[in-house]
Amino acid sequence: MCGIVGYIGNKKASDILVSGLKRLEYRGYDSSGIVTINPENNPTLLRSTGKIIELEKLVDQNPTPDQIGIGHTRWATHGAPAERNAHPHRAGDIFLVHNGIIENYKELKSQLSDYEFTSDTDTEVLAALINSFYDPDTTLQSAVTQALNLVHGTYGIAVLSIREPDQIIVARLGSPLLIGVGKDKDNPENIVASDASALLGHTKNAIYLNNGELAIITKTEVKLLDLAAQELTPKVEKITAELAEIQKQGYEHFLLKEIMEQSTTLRSTISGRVDPEKGTMKLGGLNLSDQELRGIKHIVIVGCGTAYYAGMLAAYYIEQVLDDVTTEVVIASEYRYRAFNLPEASVALIVSQSGETADTLACLREIKARGVKTLGIINVVGSTIAREVDGGTYVHAGPEISVASTKAFTSQVATMIMFAGTVAKAKDINPQIIAKFARELSLLPDEIAKTLQTHQPEIQALARHYSKYDHALYLGRDTAYPVALEGALKLKEISYIHAEGYAAGELKHGPFALVDDRFFELFLIIDGWLIDKSLSALQEVKARGGHTVVFTNSTKEIESDHLVRITTQLDLLTPILLNVLQQLFAYYMAVEKGGDVDQPRNLAKSVTVE
Ligand code: F6R
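Just so we're aligned, residue 503 is where the sequence shown starts under my numbering, counting upward by one.
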């Protein structure tokens, strides 16, 4: 969703702001803007709808050597994507960029009746509120603090004033903000960003703001305060991501790169945690004693979208490893409002790639409030959820830039299996099953690479054929069921083809009525004890004139219009191989349809609002 960049130093600010905003493009946005200032009180405010390239044109037409500025990518919430609603917003002498939502903006607006508003945004209300406190004898810091003490909602903000042109003020409540501390003492600078990717290439040292903190940033200094103006000691942390990880590295799209690199990213996920020789797995960072691990009786897995489907698949595996534990998997946007009770000795796995998803975060807080231990299964290091959970682990999939989540799914499932293995070890149960999972997890990276490589041309050709259809049904049983749900999500979000995932056993209960020439049916069929049931469902669809494609590891004779047969030494983890294939299928379908593969319409990478 929205992104923030700010710069103060000796370099041309507009260049750094625009390149930083480009790094945040992946988060999803519909307009953008920057403002730069200088000691001569001469601000340059440039805003544009559409892609950053439009903003770049304005920057080229209005060059300025200014060395301080703030920039923003906006994902519309209050007010349409229009230039007047784009940030930065000006009120008097101040400029403001804002991520998040000011919930009491209407009430605040009614108290600012003298102010002439020019946008429909909640952000301009905050700008006007700060301005209302910014008397000639008041500092910007004091005005910002007074305003923020009246605000309800969430914010990550950066504020500039032409009266105090040697500082940027930033503050955070709910929406992430970090300050990249310049690394060159002879050429001091500081950079502000809502996401570490905008800092890469400039510095690896960052101060992550906590909720309720404000910082006054000059070229040489960062002063950290709380909202009662008490000074705090900033903690400088290392950013672990590398610049190369957020570049396309020769691929046409980030999505293709992220699908193809899964064998490598999965290796990072399991590295040092899985020992196939000893047949063991161990996750660190859980913050649970052996006694607490042994006591676990119930696991609730919380997530949204792909993270939720990763949880669904993992639950099948967890049930196999921990046969004395019950599991439930819940959608965060629903669960947060339910009057739920969790049994004693529950733990919650909070699954999120970004670590910022608003609904997932709200669930985490609801669960914590009930005294239940929360463990994060998170990708983005230092993210809000990662900071608020009681314990947990990073999945180490590396930066995921394309809006559609792919490699994170694989790493999330693997991490939850390792969690189950860790708990089972503490309970001293099911060593054979743990050993089987450990062996399969260690083989999985190579199996993924082989599957993708072997079937890429075939999948591309299939996409050429099926991209002319308007609808798709994805069908699977058992562990292939959550994979079917995930496959349908992937297809619809990037190709805009309507797709639904269903449990194959449910066909007779409704979806059969859909089978017609506008639909194709993709069956995920895994060899095993339920295969004949899946094959019957396939035949029933074929008998009704369905257009079928099958992804399978079975060597049985299968009658289908198209058949993608993988060979693998895996058993339990075969669904993950079928999943990477359907990710590739969705990718090529989207390419055929000509949409914006990495930034599908109306979507954002990090869903920080409800
Ligand atoms: C789908 C997708 C979304 C996310 C969901 C949760 O491809 O990317 O469904 O999975 O928004 O996001 P995180 O994992 O960041 O909490």
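In this text, a Cβ means the ideal position worked out from N, Cα and C, and glycines have one as well.
Using a 10 angstroms sphere on the CB of Arg775, the tally of other CB atoms reaches 16 or more, which defines it as buried. Unbroken beta strand (DSSP E) runs of no fewer than 3 residues, entirely contained in the stretch 731–809, are found at 738–740 and 800–805, following chain order. Fewer than three beta-carbon pairs drawn from the stretch 931–942 and the stretch 793–809 are found closer than 8 Å, and the two stretches are therefore not classed as touching. Beta-bridge annotation (DSSP): Lys875 is paired with Val849. Distance from the CA atom of Gln914 to the CA atom of His898, rounded to whole angstroms, is 9 Å. The C-beta of His704 has 16 or more other C-beta atoms within 10 Å across all chains shown, which makes the residue buried. Judged by pairs of C-beta atoms under 8 Å, the stretch 886–893 does not touch the stretch 901–915, as fewer than three such pairs exist. In the structure shown, Val653 adopts coil according to DSSP, grouped into three states. For Ala1001, the enclosing beta strand (DSSP E) covers residues His1000 to Ala1005. By the Cβ criterion, the stretch 996–1013 is in contact with the stretch 958–976, since at least three pairs of Cβ atoms, one from each stretch, lie closer than 8 Å. If you compare the alpha carbons of Glu723, Leu946, Ser791 and Val507 with that of Pro690, the shortest gap goes to Glu723. Per the C-alpha coordinates, the member of Ala834, Thr829 and His1049 positioned closest to Gly807 is Ala834.
Secondary structure at Phe597: strand, using DSSP grouped into helix, strand and coil. For Val1017, there is no enclosing beta strand (DSSP E), as DSSP marks it with neither H nor E. Taken atom to atom, the span from the alpha-carbon of Phe1087 to that of Ser856 is near 24 Å. Here His654 is exposed, its C-beta having fewer than 16 other C-beta atoms within 10 Å. Beta-bridge analysis with DSSP links Asp728 to Glu715. Glu626 counts as buried, since no fewer than 16 other beta carbons sit within 10 angstroms of its beta carbon.
Ranked by how close their Cα comes to the Cα of Ala850, the residues Gly682, Asp825, Gly893 and Ser885 have Gly893 in first place. With contacts defined by Cβ atoms closer than 8 Å, Ile1028 and Leu1037 do not form a contacting pair. About 7 Å separates the beta carbons of Asp825 and Asn932, which is inside the 8 Å limit, making them a contact pair.
Residue pairing from DSSP places Val661 in a beta bridge opposite Leu598 and Ile671. Note that the C-beta distance between Ala645 and Tyr657 is not below 8 Å.
With contacts defined as CB atoms closer than 8 Å, Phe597 and Ile632 fail to qualify as a contacting pair. Restricting attention to Pro947, Gly1007, His1064 and Tyr1089, the CA atom closest to the CA of Ala990 is found in Tyr1089.
Only exposed fits Pro959, as fewer than 16 other CB atoms lie within 10 angstroms of its CB.
One thing to note: Val520 has its Cβ within 8 Å of the Cβ of Glu558. The nearest non-hydrogen atom of ligand 1 is 7 Å or more from the C-beta of Gly989. Using a Cβ-Cβ distance cut-off of 8 Å, the stretch 679–696 and the stretch 873–880 are not in contact, since fewer than three pairs of beta carbons, one from each stretch, lie closer than that value. Counting every other CB atom within 10 Å of its CB across the protein chains shown gives Asn881 a total of 16 or more, marking it as buried. Remark: the C-beta of Ala743 is outside contact range of ligand 1, defined as less than 7 Å to any heavy atom. Rounded to the nearest whole angstrom, the CA to CA distance from Thr829 to Glu821 is 7 Å. Cβ-Cβ distances below 8 Å link Leu844 to His800, Val802, Ala850, Ile869, Arg872 and Val874 in the same chain, with the five nearest sequence neighbours on each side left out; the list follows chain order. The shortest CA-to-CA distance from Ala582 to any of Asp568, Tyr531 and Ile554 is the one to Tyr531.
The three-state secondary structure of Tyr819, taken from DSSP, is helix.
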